[in-house]
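**Student:** Right, I'll just put the structure down here and ask away after.
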Amino acid sequence: MSSPRRFSTRLIRSPVFYTILVILVAGWFAMQWLAENDIAQIRQTYGLNAVAILLPTHVLMALTPFPSDLFSIANGALYGVTIGTGLSWIGWYIAALIQFGLGRRARKDFDLEQEVNRIPSWLRGVPVEHPLYLICIRQVPWLGMHIGSFVPGAAGVNWRRFLWCSAIGTFPGSLLMTAIGAGIVHWS
Numbered sequence: 140m141s142s143p144r145r146f147s148t149r150l151i152r153s154p155v156f157y158t159i160l161v162i163l164v165a166g167w168f169a170m171q172w173l174a175e176n177d178i179a180q181i182r183q184t185y186g187l188n189a190v191a192i193l194l195p196t197h198v199l200m201a202l203t204p205f206p207s208d209l210f211s212i213a214n215g216a217l218y219g220v221t222i223g224t225g226l227s228w229i230g231w232y233i234a235a236l237i238q239f240g241l242g243r244r245a246r247k248d249f250d251l252e253q254e255v256n257r258i259p260s261w262l263r264g265v266p267v268e269h270p271l272y273l274i275c276i277r278q279v280p281w282l283g284m285h286i287g288s289f290v291p292g293a294a295g296v297n298w299r300r301f302l303w304c305s306a307i308g309t310f311p312g313s314l315l316m317t318a319i320g321a322g323i324v325h326w327s
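Residue numbers (my numbering): 140 to 327.
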């Protein structure tokens, strides 16, 4: 059996593939829903219960390539810097754990340990398990959170190390985006 065929067979049999497809479709529907519904109006309608709607939507959006920064900015505008940062951090942290788990499962589904030899040597030299990498990669705009979660899972990084590094690495973006939202409200 040829390598491309073996890959396509693994892809079709992989729960990760279908999970990612479901996440992308759900994210697209969430984007459509958010385009029709104002986040401030949701909070006004549901009060504190709005968190039960907005936090899972934030997690879903953080799992997709669609921008989830807008949720953190909205959290700052709606809840202030302290609570908004906490909500943003929780949303991105949960998404990071899910992506790490998907990476772990992809490692099994695609037998990535056998494929390591095919990766270019310069890329194999990236210290994916190093705490500095796990924390700093999250500061890269747009894809940093995805790469910083899925790749360590696929590379077999220890769960405990990933948990604490993600907790630290997710905080600066949460604080920055929330502060932007709070600042917009304050200065407008």
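Cβ atoms here follow ideal geometry from the backbone N, Cα and C, with glycine treated the same way.
A quick note: this is a predicted structure, and the numbers were derived from the prediction, not measured.
#1: Kindly indicate which residue of V220, P204, G230, Y185 has the alpha-carbon position closest to the one of H325.
#2: Going along the chain, which residues of its own chain have a beta-carbon closer than 6 Å to the beta-carbon of G223, five neighbours each way excluded?
#3: Give the straight-line distance between the Cα atoms of I258 and V279, rounded to the nearest whole angstrom.
#4: How is the alpha helix (DSSP H) around R277 delimited, first residue to last?
#5: For H197, which option in M170, Y218, G186, Q183 has the closest C-alpha, if you only look at C-alpha atoms?
#6: Please report how far the alpha carbon of N188 lies from the alpha carbon of A179, in whole angstroms.
#7: Can you name the start and end residues of the alpha helix (DSSP H) that S153 belongs to?
#8: Could you check which residue in Y157, V296, G283 has the C-alpha nearest to that of H269?
#9: Can you give the beta carbon distance from F301 to P311, rounded, assuming they're within the 8 Å contact cut?
#10: Could you check how far apart the C-beta atoms of G287 and L273 are, in whole angstroms? I think they sit under 8 Å.
#11: Looking only at C-alpha atoms, which of C304, A165, E175, L193 sits nearest to R182?
#12: Quick check: what's the CA-CA separation for I159 versus S305?
#13: Could you give the distance in angstroms between the alpha-carbon of D208 and the alpha-carbon of I323?
#14: For R149, which residues from the same chain have a beta carbon less than 7 Å from its beta carbon, with the 5 sequence-adjacent residues on both sides left out?
#15: Alpha carbons only, please: which of G283, I319, V155 is nearest the one belonging to A235?
#16: Got a sec, what are the start and stop residues for the alpha helix (DSSP H) D208 sits in?
#17: By a C-beta neighbour count over all protein chains shown, 10 Å radius and 16 as the cutoff for buried, is G298 buried or exposed?
#18: Determine whether the beta carbon atoms of S227 and F239 lie at a separation below 8 Å.
#19: How is the alpha helix (DSSP H) around A201 delimited, first residue to last?
**Tutor:** A quick look at the data gives this:
#1: Numbered from 1 along the sequence shown, position 186 holds the residue referred to as residue 325. Selected option, being the one with the closest Cα: V220.
#2: By 1-based counting over the sequence shown, the position of residue 223 is 84. Around G223: N214, G215, T317.
#3: By one-based count along the sequence shown, residue 258 stands at place 119. By one-based count along the sequence shown, residue 279 stands at place 140. Roughly 23 Å between the two C-alpha positions.
#4: Position 138 of the sequence shown, counted from the first residue, corresponds to residue 277. Looking at the DSSP string, R277 is not in any alpha helix (DSSP H), and its letter there is neither H nor E.
#5: Counting from one through the sequence shown, the residue named residue 197 turns up at place 58. It is M170 whose Cα lies nearest to the Cα of H197.
#6: Taking the sequence shown and counting its residues from 1, one reaches residue 188 at position 49. Taking the sequence shown and counting its residues from 1, one reaches residue 179 at position 40. Taking the CA atoms as reference points, N188 sits about 13 Å from A179.
#7: Here residue 153 is taken as the residue at index 14 of the sequence shown, counted from 1. Looking at the DSSP string, S153 is not in any alpha helix (DSSP H), and its letter there is neither H nor E.
#8: As a position in the sequence shown, residue 269 is number 130, starting the count at 1. The option with the nearest alpha carbon to H269 is V296.
#9: Counting from 1 along the sequence shown, the entry for residue 301 is found at position 162. Counting from 1 along the sequence shown, the entry for residue 311 is found at position 172. Approximately 17 Å separates the beta-carbon atoms of F301 and P311; this is outside 8 Å, ruling out the contact.
#10: Counting from 1 along the sequence shown, the entry for residue 287 is found at position 148. Counting from 1 along the sequence shown, the entry for residue 273 is found at position 134. 6 Å between Cβ atoms; contact.
#11: Translated into the one-based positions of the sequence shown, residue 182 becomes position 43. Comparing Cα positions, the closest option is L193.
#12: Stepping through the sequence shown from its first residue, residue 159 is reached at position 20. Stepping through the sequence shown from its first residue, residue 305 is reached at position 166. For I159 and S305, the distance between alpha carbons rounds to 21 Å.
#13: Against the sequence shown, residue 208 aligns to sequence position 69. Against the sequence shown, residue 323 aligns to sequence position 184. Between the alpha carbons of D208 and I323 lies a distance of about 14 Å.
#14: By 1-based counting over the sequence shown, the position of residue 149 is 10. Around R149: D248, F249.
#15: Taking the sequence shown and counting its residues from 1, one reaches residue 235 at position 96. Cα-wise, what sits closest to A235 is G283.
#16: Taking the first residue of the sequence shown as 1, we reach residue 208 at position 69. Start and end: 208-248.
#17: Start at 1 with the first residue of the sequence shown, and residue 298 comes out as number 159. The residue you asked about is not Gly; residue 298 is Trp in the sequence shown. It is exposed - the Cβ of W298 has fewer than 16 other Cβ atoms within 10 Å.
#18: As a position in the sequence shown, residue 227 is number 88, starting the count at 1. As a position in the sequence shown, residue 239 is number 100, starting the count at 1. Against a cut-off of 8 Å, the Cβ pair of F239 and S227 comes out as no contact.
#19: Working through the sequence shown from its first residue, we reach residue 201 at position 62. That run of the alpha helix (DSSP H) goes 190-202.
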